[in-house]
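Participant:
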Amino acid sequence: MSPLRQRLPRTFLLLFGLLALSARLLFYFDRISTMFSAQSGSQYTSSTHHITYETVPGYFVHDDPAFDTHELSLPPPRFGLIDSSPDYWTRFKATVQKLNDEAGPSCSYKVLFIGRHGEGYHNAAEAFYGTKAWDDYWSLLNGNGTITWGPDAKLTELGIEQARMAHERWVTELHAGGKIPLPTKIYSSPLSRAAKTLEITFKNVSNERPLIIENLREIIGVHTCDKRATRSEIHRAFPEFDIEEGFTEDDLLWKPDVRETDNERDTRVRRVFDKILQTDDTYIAIVAHGGIIQSSLRVIGHRPYPIMTGGTIPLFIKVTHAS
253 MSPLRQRLPR TFLLLFGLLA LSARLLFYFD RISTMFSAQS GSQYTSSTHH ITYETVPGYF
313 VHDDPAFDTH ELSLPPPRFG LIDSSPDYWT RFKATVQKLN DEAGPSCSYK VLFIGRHGEG
373 YHNAAEAFYG TKAWDDYWSL LNGNGTITWG PDAKLTELGI EQARMAHERW VTELHAGGKI
433 PLPTKIYSSP LSRAAKTLEI TFKNVSNERP LIIENLREII GVHTCDKRAT RSEIHRAFPE
493 FDIEEGFTED DLLWKPDVRE TDNERDTRVR RVFDKILQTD DTYIAIVAHG GIIQSSLRVI
553 GHRPYPIMTG GTIPLFIKVT HAS
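Taking the numbering used here, the leading residue of the sequence shown gets 253, the next gets one more, and so forth.
Here's what the structure looks like:
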């Protein structure tokens, strides 16, 4: 049982979570005003394998620069799919199939559902203390004597509820619009808040066995909440997950005095894309972190787009191999 559950009544925990969520909403809205929109259809080329990743605009509301991102406190219906006809998923799947059928051997189209973990204790603490105090002091600690957020921050009760809501959104879309296409490959961050969110989200939705990938973790270094558990601990906590080959027992990447840059994080996300988008799978799911989502958007040339804890964003991607 977590220290918070031991020492604080359930009502205070829920109140703390709601206050933290409200504060975080204001924080995100303030940040959005400073963001610059990328042009839809821009590209990223992998210098290693000469692969171009390009967002395919026009199918989801988040592709439209005019869409009001301040409305993200409530996830859009249909995971943001614009088509609202009775058979909207059937029509979308037919479009994806047609594009792949007509594409040459060097091109393919993928749909990547990226979910963000539910609220963790570190999210609640940052919202409670404020980002500056969090970054300057509290994020360097494992907790405040009442709640614990490091190493490897766990989900709060609100975070668990957000994961259940993500599950319900998938269940809803399985019975609507001709059935949402289920991912044939599912990947997870090694951090427990993401893996637990994935476990709850896809329970009785998908039979695919998730694969944990090291490079899907949150920003590396300094913040104790982003230091992962050992491989053995992860395996014990999530026995139904596979772990990628070469995954070390201890966290050799996290350093207490070096924080990963945005460019460094983008580079490792590109490596993940170079791996998971080269298979025959058209529909793929990831559950990871806000930082991974924003890096993914940059990799495919998509505009910045905020995802609340427990949210999901589908990315329609054109993958081209240079001749």
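Where is the CB? At the ideal position from N, CA and C, for every residue including glycine. Keep in mind the model is a prediction, meaning the values are calculated, not measured.
Below 8 angstroms on the Cβ atoms is my guess for Arg480 versus Asp404; work out the distance and round it to an integer in Å.
Facilitator: By 1-based counting over the sequence shown, the position of residue 480 is 228. By 1-based counting over the sequence shown, the position of residue 404 is 152. So it is a contact: roughly 6 angstroms between Cβ atoms.
Participant: Out of Pro556, His573 and Lys570, point me to the one whose CA is closest to Asn319's CA.
Facilitator: Taking the first residue of the sequence shown as position 1, residue 319 is located at position 67. Note that residue 319 is Phe in the sequence shown here, rather than Asn. Nearest of Pro556, His573 and Lys570 to Phe319, Cα basis: Pro556.
Participant: How is Lys406 classed by DSSP in three states: helix, strand or coil?
Facilitator: Position 154 of the sequence shown, counted from the first residue, corresponds to residue 406. Looking at Lys406 - three-state DSSP - the assignment turns out to be coil, as it is neither helix nor strand.
Participant: Going by C-alpha to C-alpha distance, which of Glu413, Gly397, Thr453 and Leu364 sits closest to Ile544?
Facilitator: In the sequence shown, the residue the question calls residue 544 occupies position 292. With distances taken between Cα atoms, Ile544 lies closest to Leu364.
Participant: In chain order, what are the residue ranges of uninterrupted alpha helix (DSSP H) at least 4 long that sit wholly in the stretch 466-514?
Facilitator: 483-489
Participant: Does the beta-carbon of Arg368 have 16 or more other beta-carbons within 10 angstroms, so that it is buried, or is it exposed?
Facilitator: The count along the sequence shown starts at 1 and reaches residue 368 at position 116. Result: buried.
Participant: Identify which residue in Ala537, His573 and Glu496 has its Cα closest to the Cα of Gln530.
Facilitator: Taking the first residue of the sequence shown as position 1, residue 530 is located at position 278. Closest option to Gln530, Cα to Cα, is His573.
Participant: Would you call the CB atoms of Leu410 and Glu371 closer than 8 angstroms?
Facilitator: Taking the first residue of the sequence shown as position 1, residue 410 is located at position 158. Taking the first residue of the sequence shown as position 1, residue 371 is located at position 119. In this structure, Glu371 lies closer than 8 angstroms to Leu410 by Cβ.
Participant: Would you please state the rounded distance, in angstroms, between the beta carbons of Ile472 and Glu512? I believe it to be under 8 angstroms.
Facilitator: Stepping through the sequence shown from its first residue, residue 472 is reached at position 220. Stepping through the sequence shown from its first residue, residue 512 is reached at position 260. Contact holds; Cβ gap of about 4 angstroms.
Participant: Measure how close the beta-carbons of Thr424 and Asp533 come, nearest whole angstrom, since I'm counting them as under 8 angstroms.
Facilitator: Counted from its first residue, the sequence shown places residue 424 at position 172. Counted from its first residue, the sequence shown places residue 533 at position 281. Their Cβ separation, rounded to whole angstroms, is 23 angstroms, which puts Thr424 and Asp533 out of contact at 8 angstroms.
Participant: Since Ala489 contacts Thr453 with CB under 8 angstroms, what's their CB separation in whole angstroms?
Facilitator: For the purposes of this step, residue 489 is taken as residue 237 along the sequence shown, with counting starting at 1. For the purposes of this step, residue 453 is taken as residue 201 along the sequence shown, with counting starting at 1. No, Ala489 and Thr453 are not in contact; Cβ-Cβ is about 16 angstroms, not under 8 angstroms.
Participant: For Phe525, which residues from the same chain have a beta carbon less than 7 angstroms from its beta carbon, with the 5 sequence-adjacent residues on both sides left out?
Facilitator: Position 273 of the sequence shown holds residue 525. Cβ contact annotation for Phe525 (same chain, cutoff 7 angstroms, sequence separation greater than five): Tyr305 and Val551, in chain order.
Participant: Buried or exposed for Ser441, going by 16 or more other Cβ atoms inside 10 Å?
Facilitator: Residue 441 sits at position 189 when you count from the first residue of the sequence shown. Around the beta-carbon of Ser441, 16 or more other beta-carbon atoms lie within 10 Å, marking it buried.
Participant: Near Ala540, what residues of its chain come up, given a Cβ to Cβ distance below 6 angstroms and the 5 sequence neighbours on each side ignored?
Facilitator: Indexing the sequence shown from 1 puts residue 540 at position 288. Only Ser441, Ala446 and Leu468 meet the Cβ criterion.
Participant: Leaving out the 5 sequence neighbours to the left and right, which residues in its chain are closer than 8 angstroms to Asn394 when beta-carbon positions are compared?
Facilitator: Against the sequence shown, residue 394 aligns to sequence position 142. Taken in chain order, the residues that qualify are Thr400, Trp401, Gly402, Pro403 and Thr476.
Participant: Return the residue from the list Thr408, Glu451 and Gly429 that minimises the CA-CA distance to Asp335.
Facilitator: Start at 1 with the first residue of the sequence shown, and residue 335 comes out as number 83. When each option's Cα is compared against that of Asp335, the closest is Gly429.
Participant: So is Tyr373 buried or exposed if we call it buried at 16+ other beta carbons inside 10 Å?
Facilitator: By 1-based counting over the sequence shown, the position of residue 373 is 121. Tyr373 should be labelled buried.
Participant: With DSSP run on the structure shown, which of helix, strand or coil describes Ser424?
Facilitator: Walking along the sequence shown from the start, residue 424 turns up at place 172. Here residue 424 turns out to be Thr, not Ser, going by the sequence shown. DSSP places Thr424 in helix when its eight states are reduced to three.
Participant: Using CA coordinates, which residue listed in Val571, Pro566 and Trp506 is at the minimum distance from Pro328?
Facilitator: Residue mapping note: residue 328 aligns to position 76 of the sequence shown, counting from 1. Considering only alpha carbons, the answer is Pro566.
Participant: Could you have a look at Val539 and say whether DSSP puts it in helix, strand or coil?
Facilitator: Position 287 of the sequence shown, counted from the start, is the residue given in the question as residue 539. It is a strand residue.
Participant: Between which residues of its own chain and Tyr280 is the CB-CB distance below 6 angstroms, once the five residues before and five after are set aside?
Facilitator: Within the sequence shown, the letter at position 28 stands for residue 280. Low confidence applies to Tyr280: its pLDDT is 41, below 50, so where it sits in the model is not reliable enough to give any reading.
Participant: Taking just the CA atoms, how far does Glu497 sit from Gly293?
Facilitator: Within the sequence shown, numbered from 1, the residue matching residue 293 stands at position 41. Within the sequence shown, numbered from 1, the residue matching residue 497 stands at position 245. Confidence at Gly293 is low in this model, with a pLDDT of 42, below 50, so its placement is unreliable and the value that follows should be read with caution. Their Cα atoms are separated by approximately 34 angstroms.
Participant: Assuming contact is defined by CB atoms lying nearer than 8 angstroms, are Ser391 and Val308 in contact in what I supplied?
Facilitator: By 1-based counting over the sequence shown, the position of residue 391 is 139. By 1-based counting over the sequence shown, the position of residue 308 is 56. Not closer than 8 angstroms, so no.
Participant: Among Thr398, Arg421, Asn515 and Asn456, which residue has its Cα nearest to the Cα of Phe331?
Facilitator: Residue mapping note: residue 331 aligns to position 79 of the sequence shown, counting from 1. Comparing Cα positions, the closest option is Arg421.
Participant: Three-state secondary structure (DSSP) at Leu443?
Facilitator: In the sequence shown, residue 443 corresponds to position 191, counting from 1. In this structure, Leu443 counts as coil in the three-state DSSP scheme.
Participant: Short of 8 angstroms in beta carbon distance, which residues of its chain neighbour Ser285, apart from the five on each side in sequence? Order them along the chain.
Facilitator: Along the sequence shown, read from residue 1 onward, the residue named residue 285 stands at position 33. The pLDDT assigned to Ser285 is 35, lower than 50, so where the model puts this residue is not dependable, and the model offers no usable value.
Participant: For Ile399, which three-state DSSP category applies?
Facilitator: Here residue 399 corresponds to residue number 147 of the sequence shown, with the count starting at 1. Coil, per DSSP.
Participant: Return the first residue and the last residue of the alpha helix (DSSP H) that Phe344 is part of.
Facilitator: Numbered from 1 along the sequence shown, position 92 holds the residue referred to as residue 344. That run of the alpha helix (DSSP H) goes Tyr340 to Glu354.
Participant: Quick check on Leu463: does DSSP put it in helix, strand or coil?
Facilitator: By 1-based counting over the sequence shown, the position of residue 463 is 211. Residue state, collapsed to three classes: strand.
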